[in-house]
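Top to bottom, those sequences are chains A, B, C and D. Those letters in the first sequence? Residues 1 to 328, by the UniProt record's numbering. Those letters in the second sequence? Residues 1 to 328, by the UniProt record's numbering. Those letters in the third sequence? Residues 1 to 328, by the UniProt record's numbering. Those letters in the fourth sequence? Residues 1 to 328, by the UniProt record's numbering. C-beta: ideal position from N, C-alpha, C; glycine also. Bear in mind the structure is a predicted one, so any value in this text is a computation, not a measurement. Take a look at the structure set out below.
Number of protein chains: 4
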Amino acid sequence: MFNIALFGAGRIGQIHAANIAAHPETRLYSVVDPYQQGAQVLASRYGAELQSCAEAMADPNVDGVLIASATDTHADLIELAAKAGKAIFCEKPVHLDLARVRDCLTTVAACQVPLLVGFNRRYDPQFSRVKALLLAGKIGKPESLVITSRDPAPPPVNYINVSGGLFRDMTIHDFDMARFIMGEEPTSIYAQGSNIVDAAIGDAGDIDTAIVVMKFPSGAMATIINSRRSGYGYDQRLELHGSHGLLKVDNILAHQVHYYGNDTSQGPLPEHFFIQRYQAAYAAEWQHFVAVLRGECAPQSSGYDGERALYLADQALASLHSGTTIAL
Amino acid sequence: MFNIALFGAGRIGQIHAANIAAHPETRLYSVVDPYQQGAQVLASRYGAELQSCAEAMADPNVDGVLIASATDTHADLIELAAKAGKAIFCEKPVHLDLARVRDCLTTVAACQVPLLVGFNRRYDPQFSRVKALLLAGKIGKPESLVITSRDPAPPPVNYINVSGGLFRDMTIHDFDMARFIMGEEPTSIYAQGSNIVDAAIGDAGDIDTAIVVMKFPSGAMATIINSRRSGYGYDQRLELHGSHGLLKVDNILAHQVHYYGNDTSQGPLPEHFFIQRYQAAYAAEWQHFVAVLRGECAPQSSGYDGERALYLADQALASLHSGTTIAL
Amino acid sequence: MFNIALFGAGRIGQIHAANIAAHPETRLYSVVDPYQQGAQVLASRYGAELQSCAEAMADPNVDGVLIASATDTHADLIELAAKAGKAIFCEKPVHLDLARVRDCLTTVAACQVPLLVGFNRRYDPQFSRVKALLLAGKIGKPESLVITSRDPAPPPVNYINVSGGLFRDMTIHDFDMARFIMGEEPTSIYAQGSNIVDAAIGDAGDIDTAIVVMKFPSGAMATIINSRRSGYGYDQRLELHGSHGLLKVDNILAHQVHYYGNDTSQGPLPEHFFIQRYQAAYAAEWQHFVAVLRGECAPQSSGYDGERALYLADQALASLHSGTTIAL
Amino acid sequence: MFNIALFGAGRIGQIHAANIAAHPETRLYSVVDPYQQGAQVLASRYGAELQSCAEAMADPNVDGVLIASATDTHADLIELAAKAGKAIFCEKPVHLDLARVRDCLTTVAACQVPLLVGFNRRYDPQFSRVKALLLAGKIGKPESLVITSRDPAPPPVNYINVSGGLFRDMTIHDFDMARFIMGEEPTSIYAQGSNIVDAAIGDAGDIDTAIVVMKFPSGAMATIINSRRSGYGYDQRLELHGSHGLLKVDNILAHQVHYYGNDTSQGPLPEHFFIQRYQAAYAAEWQHFVAVLRGECAPQSSGYDGERALYLADQALASLHSGTTIAL
């Protein structure tokens, strides 16, 4: 049984807490959150302790940490945990500054602890099925990847202000997905964007709608289509076109009841947001981390993956500003 | 080039007229209809003559007749045409009285002319694909056939009065489809029905909603689900469950535009009625009849098929009245 | 926190154990199973005790029992639990003999304890959505209900021998669903069946393929289509056709990855069997039982529902043997 | 009745010939093609004459011309027809050289004859439904348009050599569709491309896979995804995401028969190529041109539309070569 200290008792922390508790080999040992009330509720639910950061890091009973706190605390907590010899599961991103990420990863490497960066979509049964079918040769050589990723509704502007911007906050998942699926590093990137959904986002200096085009050494290309607002749920689709066919991941729908009436048929919408859509992915991600804890494998989404995705986000921003293709 | 005399210039006659004219080997030679105005319009459109029944039958230029007139004229016209040596395409049914059908078919046999009874659905590309896949062994031995057939809206009561009732008018297509797909004759039949759609239909002594269950020598069963009113278009589906899988014909949809909004997605309805849904079937049916005219093959839907479907309709009615399974 | 004693540590007992443990208001208190090894594994997993039947019934800490043991023990255990004042959740059926069911329910009534019979499909989000939409007037008056229910593969014959036969074992869920959706009791029933899937089932005196037709006071009809073997997963569909439209529940699919190649597209199959397909239903069922435990409501699937479904199964068998419609 | 002279008896000419003949107000009057044998076959089929180009242009009986000959003859034929006072239907493109297009359109304008450029997709019932729903306010303001357009298989290299390249030959349809749907002119364009499908295409100096990104004055963006080879049929999809929802045009499928077996379900592929997929569009396009002939309206796809689409193709090529966004 592995004891886990959870940093952050918010929305995403609660998802992980449930998966930690449900897994037969892990226990939610402690909750660390400066917002004591939320920490207390979560801790009580699963019979966990409240700890301070220092207590958790120093506690020899803690086998691993799950960092789901505010973004700007990630790198510091990773370094503390690494020095304390804990296995680390950290929500993306490691940090919004690439140099800081690299420093942090150097520390992790020196301490020889495993670090899993929470690119949850890699563990989604749909996307990992695409990867497996590609590797099995089902569609030959990949030629064109199209990722559609739209949030149901834009976040509040105070979130935008600390998010690092669309590319570092939202597209970062798609950058990682493109690298994961294609299995090679892009050689160029181009980004175009717009502020058309919510004027307040533009006032904050960010865009809310974007298209990214990447080219890979094989000549294959990837397109990412993003919006901060779908209006119809969490739009999470992927198409991989290869030399021998197409693999297509449709949205997972909220139900399966269809109505046929005088004028139209009506059907379900996609699952509302990440909590619903990636429920299975979060559970599979935790299952994988338990295998990492057991020492059976290295994290499928590493610190290096986190660094590369952030690098692509930075370069996308550079392309957006210059209007040119950036060679990588 | 085969010259065709068309009996009946109504809705179904007009469909056939267009197919006759569009086929490179057939010409709409003449139109016969006591309602001269409708006949004239149709004849002008395709450069055809107006003829009386006697003229058409006696005209040596007429190679074949297409009978799309009122149901109660079918058997008489078939006999006249058979005696005149014409190839015959007759809309279903031959007659509503089984004894009359048998007499008529005896005449046809004696005259040695081909007779195609217009069970249009046999020629539908969807249903004939199911038949072909079954024959190719795709699903092994058939075990359970389910036919859903609902009209968009009930006909006027004066139509009901001359229709022969739901089983002889509407289900007759499904009886033929069941025999066509299963490739064996049912050994028993059961019918249950209801008047729930339109009280006027009940007042006319008919039902508007029905379920029929047939059993076949192999042990396979077929279920037919009928209604005079869908409310959402022409509901024409079929499922054939076999020892090695399922073949499923979904409705053909009126378009392919889907909307996703805040509360629901919206999509197309099935094609509205038989003219739209079976457009390809009518064209293929005519193409097959041209092959019959050329002497290349016998009709895939024969007079005997017409007789058997009517027989099943009669026995379904007997079951409805007795509440028992009728052995055939 | 309610303490639950679980009778039966088999496949279905394990599903319930997980739901009991995951619910914040219930605890898996004890496991009762003559097969001690299985009981031990399950008890260890959730920190529960092993108890004998007598111990559990006598234990004042036990608030409710969940009976998931062999079918022939259900009625006896229900009566013991009722006399011990426990709230009762019992897997269907109460018993295979209708008279025994009625005796048992009399005892339950006398003891004034709640009894929920585990018709899990009533709690399925898809089917309960249909019921809710019907009650909200979405499709007007119900006219025709079609339930398709096919297991992925036939059970072993030794299961068939103790199952009570297809109608009492498998169709019983569909009888309950028909009553649940229609909201009225059928006035007649007809059944037709066949042994075509597995000869061993026929040798055991049972059928493996069936069609049932029921008529309701309103004139509406219901059709149930059953097979012991789909070959493509758990086929669980429902269509409710009303005076103002159709509600259609499609299968829940095992994934959402589609392949398009040179000759065909390929897609997912339905979820494999009840454990996957009704995962959400089992969780919702338990949530409902917790509300019953809290005294907030009566069970939505009662002992009477269990009795009525068994009655319909018995009458279906009578119809199968007589070949006639049975008035109810 | 309008008499039409058809220039070009090839594949696309044959489609138009059938539509001309089937329309009650138009007659295929003559066929003009230097390849006399093909012209003769087509003329015989519809009872048309063979004419030389000069004869057709001089013939006062010819009301309109349909130009479906080789691309490099279009502009010359348009000018001849314009000077002869004929209404003109010309397949895209007018010419591959933009200056030549402009000269040609000047001549047409001077002669005051109508010119319809055959952007067939504008007349497709699916895409015109999207346009109509957008205009009706169904999805609010357009924000992101995604067009997927993949041919089933690459053309032979000798076709590539005279095609003008991917953008002018294939993407030109998508440029027109983007302008048609968005209802505004793009302000910038970016293109990325690859030769990955067929090395011979690269040897010919062309690409076979491309992604184009355009931005519009409103801030909306459009993405075009092209490939010369799908491998699974003619992939013709469109998504228009607006401030109040999404409109999505799926592929039209070749049939509606689905198979469910032990390991997978199988379904239809998209219609094979443009002849099948745009059958309804070609008929609607002709119907519209008849309204133009009647003087009821101007062409919905004009010479100017042809010019603008070619201009975008040229600018896409400039972007591909420079790696930068081109301001328009």
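- By the Cβ test, the stretch 257-269 of chain C is not in contact with the stretch 86-93 of chain C, since fewer than three Cβ pairs between them sit closer than 8 Å.
- Within chain B, no C-beta atom comes less than 8 Å from the C-beta of N19 of chain A; the nearest is roughly 30 Å away.
- Along the length of the stretch 33-82 of chain D, whole alpha helix (DSSP H) runs at least 4 residues long occupy 36-46 and 53-58, reported in chain order.
- In this structure, Y311 of chain B lies away from L145 of chain B, with their beta-carbon atoms at least 8 Å apart.
- Counting along the chain, the unbroken alpha helix (DSSP H) around I160 of chain D starts and ends at V157 to S163.
- Chain order gives the chain C residues near K215 of chain B as Q192 and S194, where near means a beta carbon separation below 8 Å.
- The CB of V257 of chain A comes closer than 8 Å to the CB of Q126, R129, V130, L133, L247, K248 and V249 in chain C, given here in chain order.
- Interface residue (Cβ-Cβ distance to chain C less than 8 Å): R45 of chain A is classified as such.
- The DSSP assignment places 274-277 and 279-293 as complete runs of the alpha helix (DSSP H) inside the stretch 254-311 of chain A, in order along the chain (cut-off: 4 residues).
- Chain-order list of chain D residues neighbouring K138 of chain B: Y259, by C-beta distance under 7 Å.
- Ranked by Cα distance from A210 of chain D, the first of A:G245, A:A222 and A:V157 is A:A222.
- Listed in chain order, the non-local C-beta contacts of I201 of chain C below 8 Å within the same chain comprise P154, V157, I160, N195, I207, D208 and R228, local neighbours out to five positions each way being set aside.
- DSSP places S128 of chain C in the uninterrupted alpha helix (DSSP H) bounded by P125 to L135.
- A residue is called buried once 16 or more other Cβ atoms fall within 10 Å of its Cβ, and R179 of chain C is buried on that count.
- Under the Cβ criterion of 8 Å, S144 of chain A is counted among the residues facing chain D.
- For Y232 of chain B, a Cβ of chain C is located within less than 8 Å of the residue's own Cβ.
- Taking C-beta separations shorter than 7 Å and ignoring five residues to either side along the sequence, the partners of D169 of chain B in its chain run S163, following chain order.
- The stretch 239-246 of chain B and the stretch 130-144 of chain B touch, with three or more beta-carbon pairs separated by less than 8 Å.
- For a cut-off of 8 Å, the C-beta gap from N226 of chain A to T171 of chain A is around 6 Å, short enough to register as a contact.
- Assignment of R11 of chain C by DSSP, reduced to helix, strand and coil, places it in the helix class.
- Taken in chain order, the unbroken stretches of beta strand (DSSP E) that lie wholly in the stretch 147-225 of chain A and span 3 residues or more are 188-194 and 209-215.
- Close partners of S227 of chain B in chain C (Cβ separation under 9 Å): E143, S144 and H241.
- Using a 10 angstroms sphere on the CB of M1 of chain C, the tally of other CB atoms stays under 16, which defines it as exposed.
- Chain B places no beta carbon closer than 8 Å to that of G219 of chain A, leaving this residue out of the contacts.
- S218 of chain A and A199 of chain D have their C-alpha atoms roughly 13 Å apart.
- DSSP places R237 of chain B inside the beta strand (DSSP E), whose first and last residues are D235 to G242.
- For L328 of chain C, there is no enclosing alpha helix (DSSP H), since its DSSP letter is neither H nor E.
- Sorting B:I326, B:Y278, B:R27 and B:A291 by C-alpha distance to the C-alpha of P125 of chain B places B:Y278 at the top.
- Beyond the five residues adjoining it in sequence on each side, E307 of chain D comes within less than 8 Å, by CB distance, of V94, L98, V101, R102 and L105 in the same chain, given in chain order.
- For the stretch 19-34 of chain D, the beta-carbon criterion of a distance under 8 Å to any beta-carbon of chain B is satisfied by A22 and P24.
- Annotated as distal: L50 of chain B and A58 of chain B, with beta-carbon spacing of 8 Å or more.
- Per DSSP, A84 of chain A is not a residue of any alpha helix (DSSP H), being assigned neither H nor E.
- Ranked by Cα distance from G295 of chain C, the first of C:V113, C:A48, C:G47 and C:Y190 is C:V113.
- P268 of chain C reaches chain D at T264 and S265, counting residues in chain order whose Cβ is nearer than 9 Å.
- In the three-state reduction of the DSSP assignment, R102 of chain C falls in the helix class.
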